[in-house]
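Take the working numbering: the last position of the sequence shown gets the number 271, and nothing is skipped along the way.
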Amino acid sequence: MTRQKVVHVVSDSVGETAELVVKAVASQFNGGHVEINRHSFIESTQDIDEAINSVDELNSLIAYTLVIPELKEYLDRRSAEKGIFSVDLLSPLLHVFEDFFKQEAKHQPKLIRRMDEAYFKKIEAIEFSVKYDDGKDPRGLKWADLVLIGVSRTSKTPLAMYLAHHGYRVANVPIVLEVAPPKEIFEIPRSKCVGLTISPEKLNEVRKERLKSMGLNAESNYASMERIFEELDYANRIMKRIGCPIIDVSNKAIEETANLIIHTLKRGRGL
């Protein structure tokens, strides 16, 4: 009876990439029926020895992805000593990339894992900021990295989305003259709240343009200077009650305001 062929996947990370490559190649032989044993998170020569000692040299081969040159060389030597077929899945492409980019590879394991974690953190932050945009659910404020407050048209939503793309979970709450602010904004630490203000003239200009774009009367109460002064005064009192930092967004780009907010957060609570 023919013994099952075994491919030992040796990796300094999880080994998913190497396993997928092995399966793709194995599919070209005998219907892809091959046993795969993973040896993940290889970090030392001792780890390699343990992997090598578990290999049946008569019926197995080793496919590996190791980026640390010393470990690669050690595995090559040990597998040769035991007469085990071994194949380096990473180095050929790595060398081509070095030639292409005209620079040496970092040779640091688990970098793709870190990239994946950063990506999923960003996606989670974006989903959070969409869910808790414009005061939709004040109960979520306690889970936010940052809460933005301000009157209408102070760029709360664009700022929240920009910061979310940098991995911050941001909620924003509009301050409306006729509506009491949610009690939750007085319960969160003031160090994670930022107030946004704007000059009355700039807000008047922005609101008029907003009304025009919606096909509405630009002279409505929403854009009146009297209304704007009342709103800004009301919002300022709330911000002072909370004790949060206040940023004037009158003549600032989103990126500039976002950088100020990040700097304020880091200075205030070591983010």
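Virtual Cβ for every residue (Gly too), placed ideally from N, Cα, C.
On a predicted model such as this, the values are computed, not experimentally measured, just so you know.
Counting every other CB atom within 10 Å of its CB across the protein chains shown gives Thr45 a total below 16, marking it as exposed.
At the C-beta level, Leu61 and Ser40 stay beyond 8 angstroms of one another. In the DSSP annotation of this structure, Arg169 is not part of any alpha helix (DSSP H), being labelled neither H nor E. The C-beta distance from Leu159 to Leu148 rounds to 6 angstroms, short enough to meet the 8 angstroms contact threshold.
Of Leu203, Phe229, Arg227, Tyr64, the smallest CA-CA separation from Asn251 is found for Leu203. For Ile242, the CB contacts under 7 angstroms within the same chain, skipping 5 residues up- and downstream, are Ile185, Phe186, Arg190, Cys193 in chain order.
Listed as beta-bridge partners of His39 by DSSP are Val10. For Thr154, the secondary structure class from DSSP, reduced to helix, strand or coil, is coil. Take the alpha-carbon of Asn217 and the one of Lys136: they are about 27 angstroms apart. When the Cα atoms are used, Gly83 and Ala24 turn out to be separated by approximately 25 angstroms. Around Asp248, the same chain offers Thr197 as residues with beta carbons nearer than 6 angstroms, after the five sequence neighbours per side are excluded.
Ranking Leu93, Ala258, Ile52 by CA distance to the CA of Met161 puts Ala258 first. According to the DSSP assignment, Leu232 belongs to no beta strand (DSSP E) but to the alpha helix (DSSP H) extending over 225-242. Ala63 sits away from Val14, with the two beta carbons spaced by 8 angstroms or more.
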